[in-house]
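Per this note's numbering, residue 4 is the first one in the sequence shown, and the count goes up by one each step.
Let me begin by presenting the structure, written as structure tokens, before commenting on it.
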Amino acid sequence: MEIKLAKSAGFCMGVRRAVDIVLEVAQHEKGRKIYTYGPLIHNPQTIELFNSRGVKPVSDIDEIKDKKNSVLIIRAHGIAPDERRKIKSSGIKIIDCTCPKVGYVQAIIKKHTSLGYTVIIVGDREHPEVDALLGYTGGKGIALNSVDDVEKLPSLERVCVVAQTTQTMDDYSLIVDKIKSYYPDALIFSTICSSTQERQAEVVSLANDMDSIVIVGGRNSANTKRLADLARRTKTPTFHIETAAEMENIDLRPYDRIGVSAGASTPNWIIDRVMDKITSGQRVKSKTTGFFMKLWLAAIKADIYSAVGAGCLCAAVVLLQKRTVLITDVAIAAFFVYGMHVLNRLISRRPASFIGSFREETYLRYPKIYRNVAILSIAVALVLAFMNGFLSFVFLFLMSVTGALYNMNIFPGKWRFQSLKDIPGSKNIFMAAAWGMVTAVLPVLTSENIFNAGTAVAFSFAFGIVFIRSAMSDILEMQSDKLIGRETIPVLLGKARTKIILNLISAMLLILLIFSYFAGQTSELGLFLLACVLYMWICLTLCDRKAGLSGAVTEGLLETVYIIAGLCVVLWVIF
């Protein structure tokens, strides 16, 4: 069984640029109402999310009442010059998100119209981009989208031909050949976006290699419909869906090799959910391997894998300090981490229309069960801590209170940040600190030994590994976090800078483990734990969206670093 995600699937440059600009405006234009001139992109789910953030689409500027205190965003398709002049004269502030590739086509049309050419636009007459391009022809442009339309053209002297940027290259070539047979001196411009050509070529290649193809994207998206059409032309079974929910009505079990691509307006979170649905559905076909894979994925989705990982990490960092591991310390770490993770996921659930995470569907389905089990888990951790000593109980209780306060509005209403979770990057720091405290510091309180340099090393190692793992997950979720207004470290610093920081932290952890061992501050286990840092380095390189893995599998691979810490303990004990 093979599931392959096209590398070009998802937002193109123009759409990504427009979305980023709109989200930036929504973040800082607090005193104005924000509108887009028509839906920003052809994806209903994303438009609904924009609505939840106060960004409303309008089809006419007359729909905007308070024009002086409004911002109007021009979408990637662009608008006609007459419309732009009308908007400017109304006094509305304009922010132009026209795709640079579309702007290039506009410039060609404007130039050649002024030189007396009749511009033929090959594209869908009803598409907003074509409608805007026609506005640059001074009323002398012609839009057509088939070879038959060419035969209906009148006699023309000077002809210039351009294409809608999302046209199919093969169709454009056929139409151009026909036009040249009528107008041999016609100027032909190749204006189909390179991203579109790459996406279409990849879909055709996938369709020829795979048993079936799933195309993800809005049914009102022209480029998505073309992808589905291209895949069908290869005679490969093709399914065009808009959301993962539609997978319930599609039986993919007859197919062993499935290709997945998505339109230029399809966000990553929808693609991820589709990948998860396909992955979970196909696992059933394999009896033995499929059983263990399903078990592993179920543990990841229910946060049990994280809990087991916390226990493994606790054992590792305690032994790193040359201390004795108590089973209660391992259990406290596992129960506490499980309870806090589940409660935080329930409290910070995303908008109802946004089921982006592979976990959220089950959390939304069984919220009471998850909540009760989480509370019970924290209670068990507190009881075990009390059994270890009063100081351990107080320490864990304060950590529990801090965890509860993290999502509560504790700051004054006039402040920019209402809660700790609103502080940019706070999730990564608080999570790493909590794991470090419960795995490396709390066990010390139950022993007779005092804190020493080994404790500082153990805490730093646990903090660093959890921070890297958390930030890597946020890199994968950058697009989704931007859409819902979550300011994570990758959102603030960008993917490239975040990766540089994570590489620096990894290098520091390597140096710390080696130096502390030779300085006599930690046990030989530190040398074994170098494997954890190297593993995260590998994940940092390979765990990318281009790898085409489902969200659950990717998260599971990241969380496996904690299991590796436990395996390092086993190997260290043996050798």
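Here a beta-carbon is modelled for each residue, glycine too, at the ideal position from N, C-alpha and C.
(1) Touching or not, the stretch 363-374 and the stretch 308-324, by the rule of three or more beta carbon pairs under 8 Å?
(2) Counting C-beta neighbours from all protein chains within 10 Å, is the total for Phe531 16 or more, i.e. buried, or is it exposed?
(3) If contacts are defined as beta-carbon pairs under 8 Å, then Val345 and Ala377 qualify, I think. What distance do you get, rounded to the angstrom?
(4) Between Val277, Leu496, Lys143, Phe464, which has its C-alpha nearest Ile112's C-alpha?
(5) Rounding to the nearest angstrom, what Cα-Cα distance links Asn431 and Gly126 in this structure?
(6) Just mark Ile358 as buried or exposed, buried being the case when its beta carbon has 16 or more other beta carbons within 10 Å.
(7) Could you check which residue in Ser473, Ala474, Thr442 has the C-alpha nearest to that of Ala2?
(8) In three-state terms, what does DSSP make of Ile358?
(9) Which two residues bound the contiguous alpha helix (DSSP H) that contains Lys68?
(10) From Gly81 to Thr246, what does the alpha carbon distance come to, in whole angstroms?
(11) So, is Ile567 buried or exposed, given that buried needs 16 or more other C-beta atoms within 10 angstroms?
(12) By alpha-carbon positions, which one of Leu230, Thr269, Ala319 ends up nearest to Ala204?
(13) Using alpha carbons as the reference points, say which of Asp275, Ile218, Trp438 lies closest to Gly342.
(14) Which two residues bound the contiguous alpha helix (DSSP H) that contains Leu537?
(15) Rounding to the nearest angstrom, what Cα-Cα distance links Leu486 and Phe53 in this structure?
(16) Span of the beta strand (DSSP E) holding Ser215?
(17) Apply the 10 Å Cβ neighbour rule to Asn226 and answer buried if 16 or more other Cβ atoms are within range, or exposed otherwise.
(18) Skipping 5 residues on each side, what residues in its chain have a beta carbon closer than 6 Å to that of Gly220?
(19) What is the rounded straight-line gap between the Cα of Cys571 and the Cα of Ile577?
(20) Please give me, in chain order, every unbroken run of the alpha helix (DSSP H) with length at least 4 that falls completely inside the stretch 419-460.
(21) Which one of Tyr38, Val447, Ile90, Leu349 has the shortest CA to CA distance from Leu325?
(22) Should the stretch 93-111 be regarded as contacting the stretch 194-213, the criterion being three or more beta carbon pairs within less than 8 Å?
(23) May I ask you to verify whether the stretch 417-429 touches the stretch 489-498, counting CB pairs closer than 8 Å and requiring at least 3?
(24) Quick one: what does DSSP say Ala166 is sitting in, helix, strand or coil?
(25) Could you give the distance in angstroms between the alpha-carbon of Asp174 and the alpha-carbon of Ile77?
(26) How would you call Ser158, buried or exposed, if buried means at least 16 neighbouring beta carbons within 10 angstroms?
Reading it off the structure:
(1) Per the Cβ contact rule, the stretch 363-374 is not in contact with the stretch 308-324 (fewer than 3 Cβ pairs under 8 Å).
(2) Start at 1 with the first residue of the sequence shown, and residue 531 comes out as number 528. The residue is buried, with at least 16 neighbouring Cβ atoms inside 10 Å.
(3) Within the sequence shown, numbered from 1, the residue matching residue 345 stands at position 342. Within the sequence shown, numbered from 1, the residue matching residue 377 stands at position 374. Right, the Cβ-Cβ distance comes to about 4 Å (below 8 Å), so this counts as a contact.
(4) Stepping through the sequence shown from its first residue, residue 112 is reached at position 109. The residue with the shortest Cα to Cα distance from Ile112 is Lys143.
(5) Translated into positions along the sequence shown, residue 431 becomes position 428. Translated into positions along the sequence shown, residue 126 becomes position 123. Taken atom to atom, the span from the alpha-carbon of Asn431 to that of Gly126 is near 47 Å.
(6) Here residue 358 corresponds to residue number 355 of the sequence shown, with the count starting at 1. Legend: pLDDT at Ile358 = 49, less than 50; position of this residue unreliable, no value from coordinates given.
(7) Residue 2 falls outside the range modelled here, since the chain spans only 4 to 578, and no answer is possible.
(8) On the sequence shown, position 355 is the one that residue 358 refers to. Because the pLDDT at Ile358 is just 49, under 50, the model does not fix this residue reliably, and the point stays unresolved.
(9) Your numbering for residue 68 matches position 65 in the sequence shown. Where Lys68 is concerned, there is no enclosing alpha helix (DSSP H), given that its DSSP letter is neither H nor E.
(10) Along the sequence shown, read from residue 1 onward, the residue named residue 81 stands at position 78. Along the sequence shown, read from residue 1 onward, the residue named residue 246 stands at position 243. Rounded to whole angstroms, Gly81 to Thr246 spans 27 Å at the Cα level.
(11) The sequence position of residue 567 within the sequence shown is 564, counting from 1. For Ile567, the number of other beta carbons within 10 angstroms of its own is at least 16, and it is reported as buried.
(12) To locate residue 204, count along the sequence shown from 1; it is residue 201. Residue Leu230 is the option with its Cα nearest to Ala204.
(13) By one-based count along the sequence shown, residue 342 stands at place 339. When each option's Cα is compared against that of Gly342, the closest is Trp438.
(14) Taking the sequence shown and counting its residues from 1, the one referred to as residue 537 is at position 534. It spans 533-545 - the alpha helix (DSSP H) in which Leu537 sits, taken as one unbroken run.
(15) Translated into the one-based positions of the sequence shown, residue 486 becomes position 483. Translated into the one-based positions of the sequence shown, residue 53 becomes position 50. C-alpha of Leu486 to C-alpha of Phe53: approximately 8 Å in a straight line.
(16) The count along the sequence shown starts at 1 and reaches residue 215 at position 212. Membership of Ser215 in the beta strand (DSSP E) is indicated by the continuous run 215-219.
(17) Position 223 of the sequence shown, counted from the first residue, corresponds to residue 226. By the 16-neighbour rule on beta-carbons within 10 angstroms, Asn226 is buried.
(18) Taking the sequence shown and counting its residues from 1, one reaches residue 220 at position 217. Cβ within range, chain order: Thr227, Ala265, Gly266, Thr269.
(19) Translated into positions along the sequence shown, residue 571 becomes position 568. Translated into positions along the sequence shown, residue 577 becomes position 574. So the alpha carbons of these two residues sit roughly 10 Å apart.
(20) If only complete runs of 4 or more residues are kept, the stretch 419-460 shows the alpha helix (DSSP H) at 429-439, 445-448, in order along the chain.
(21) Against the sequence shown, residue 325 aligns to sequence position 322. Strictly speaking, residue 325 in this sequence is Lys, with Leu absent from that position. Answer by Cα proximity: Val447.
(22) The stretch 93-111, when compared against the stretch 194-213, does touch it at the 8 Å Cβ threshold.
(23) Flag = yes, the stretch 417-429 and the stretch 489-498 touch.
(24) Along the sequence shown, one-based indexing puts residue 166 at 163. The DSSP-derived three-state label of Ala166 is strand.
(25) Sequence index remark: in the sequence shown, residue 174 carries index 171 (1-based). Sequence index remark: in the sequence shown, residue 77 carries index 74 (1-based). Distance between the alpha carbons of Asp174 and Ile77 is about 29 Å.
(26) For the purposes of this step, residue 158 is identified with residue 155 of the sequence shown, where counting begins at 1. Flag for Ser158 reads exposed.
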